[in-house]
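**Student:** The structure under discussion is supplied below as structure tokens; questions concerning it will follow.
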Amino acid sequence: MLAPSVPESRYRRAVFWREQSVQVGRDKLAGRLYAPASVPDEAGLVVHLHGGTFDSGTLASGEAVATTLAEAGAIVISLPYPLAPANPFPQALEASYAALEKIARDKARWVGKTAPLYVAGEEAGGNLAAALAMMARDRHGPPLAGQILFSPMLDSCLGTYSFRNAEAGPVGCRWADGWHAYLGSPEKAAHPYAAPVNAVRLTGLAPALIVTAEDDLLRDESINYAHRLKAAGVDTTIRVVGGPSRWPDAFAEGPCDGTCLCAACHHVSEFFTATAPS
């Protein structure tokens, strides 16, 4: 249980956070631990990766989504990761996977030994969370109860209708710049861990909740990925929040009543219930 002196989230008074470092080899990741004021007995543990475009984003910018996950009824460890272009693919992903393994081994520090473990993230963090689910399957790593992807960056081509409709494109926008910085060279986009929407083997992945919005420029790649997961037999839920939602800018706003993150909180809570151990 968190001490009452820890800071309240600036978004919801029912959630508190404290600094939480995770030792990964010789490196120490300085993250944050979020928890609701009243922790449910069945609370799961979520490893959250903040948003941005691979070359930007901080723990502070991820506070709204981390708060949403905690408000939905989980303990959340929000982690930083090495940013591009200084750290191109797969450095951020490998660092995040090492942290996931460490957190899974130490899970009993924060939740029960049998509590479910999730990965989650928004935008670039959603890309990393999706790739972590693949790595956990391929490397026989920590068993995941689910993956929660908010408006994930999955397709480096940036050619979907929702992207064109937002008057963004393959050059001259922050998403294009972020992909370029992350991949380093175009051929890396073919790797399924780099651009999960291109993965040809999706069977055996953890159940997925994908949340997007009608006016989200990443909407179509989110929906496409959800459909492909379903076709591969993965238990997948796609939720499209009605517009105007201001996504992805809404990730910087708190899950206050009536906002899109408030709706997302409800969807996440349902997902936790559906994926809880029987």
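Note that full-length UniProt numbering has the sequence shown beginning at 1, numbered continuously upward. The C-beta atom is built at its ideal place from N, Cα and C for all residues, glycine as well. The model shown is predicted, which means the values in this text are computed figures rather than measured ones.
Measuring alpha carbon to alpha carbon, tell me which of Thr-259, Ala-43 and Ile-210 ends up nearest Ile-148.
**Tutor:** Along the sequence shown, one-based indexing puts residue 148 at 148. Of the candidates Thr-259, Ala-43 and Ile-210, the one whose C-alpha sits nearest the C-alpha of Ile-148 is Ile-210.
**Student:** If you follow the alpha helix (DSSP H) that Asp-41 is in, where does it begin and where does it stop?
**Tutor:** On the sequence shown, position 41 is the one that residue 41 refers to. Here Asp-41 belongs to no alpha helix (DSSP H), and DSSP marks it neither H nor E.
**Student:** Suppose only complete runs of 3+ residues qualify. What are the beta strand (DSSP E) ranges in the segment 41-92, listed by chain order?
**Tutor:** The qualifying runs are 44-49 and 74-79.
**Student:** Would you say Pro-152 and Ala-130 are within 8 Å of each other, going by their C-beta atoms?
**Tutor:** Position 152 of the sequence shown, counted from the start, is the residue given in the question as residue 152. Position 130 of the sequence shown, counted from the start, is the residue given in the question as residue 130. Yes, the Cβ-Cβ distance between Pro-152 and Ala-130 is below 8 Å.
**Student:** Tell me which residues share the same chain as Arg-164 and place their Cβ nearer than 8 Å to its Cβ, disregarding the 5 neighbours each side in the sequence.
**Tutor:** For the purposes of this step, residue 164 is taken as the residue at position 164 of the sequence shown. Closer than 8 Å at Cβ, skipping near neighbours: no residue.
**Student:** Buried or exposed: His-140, going by 16 or more other Cβ atoms within 10 Å of its Cβ?
**Tutor:** In the sequence shown, the residue the question calls residue 140 occupies position 140. It is exposed - the Cβ of His-140 has fewer than 16 other Cβ atoms within 10 Å.
**Student:** In angstroms, rounded to a whole number, what distance separates the CA positions of residue 290 and Arg-201?
**Tutor:** No statement about residue 290 is possible, as the shown extent of the chain runs from 1 to 278 and does not include it.
**Student:** If we count the other Cβ atoms within 10 Å of its Cβ and call it buried at 16 or more, is Lys-28 buried or exposed?
**Tutor:** The residue given as residue 28 occupies position 28 in the sequence shown. With fewer than 16 other Cβ atoms within 10 Å, it is exposed.
**Student:** Please name the residue, chosen from Ala-43, Asp-41 and Glu-63, that lies closest to Gly-51 on a Cα-to-Cα basis.
**Tutor:** Position 51 of the sequence shown holds residue 51. Nearest option by C-alpha distance: Glu-63.
**Student:** Please report the straight-line C-alpha distance between Tyr-81 and Trp-175, rounded to a whole angstrom.
**Tutor:** Against the sequence shown, residue 81 aligns to sequence position 81. Against the sequence shown, residue 175 aligns to sequence position 175. Rounded to whole angstroms, Tyr-81 to Trp-175 spans 18 Å at the Cα level.
**Student:** Measuring CA to CA, which of Ala-43, Cys-260 and Asp-155 is closest to Val-240?
**Tutor:** Position 240 of the sequence shown, counted from the first residue, corresponds to residue 240. Checked all of Ala-43, Cys-260 and Asp-155; the closest Cα to Val-240 is Cys-260.
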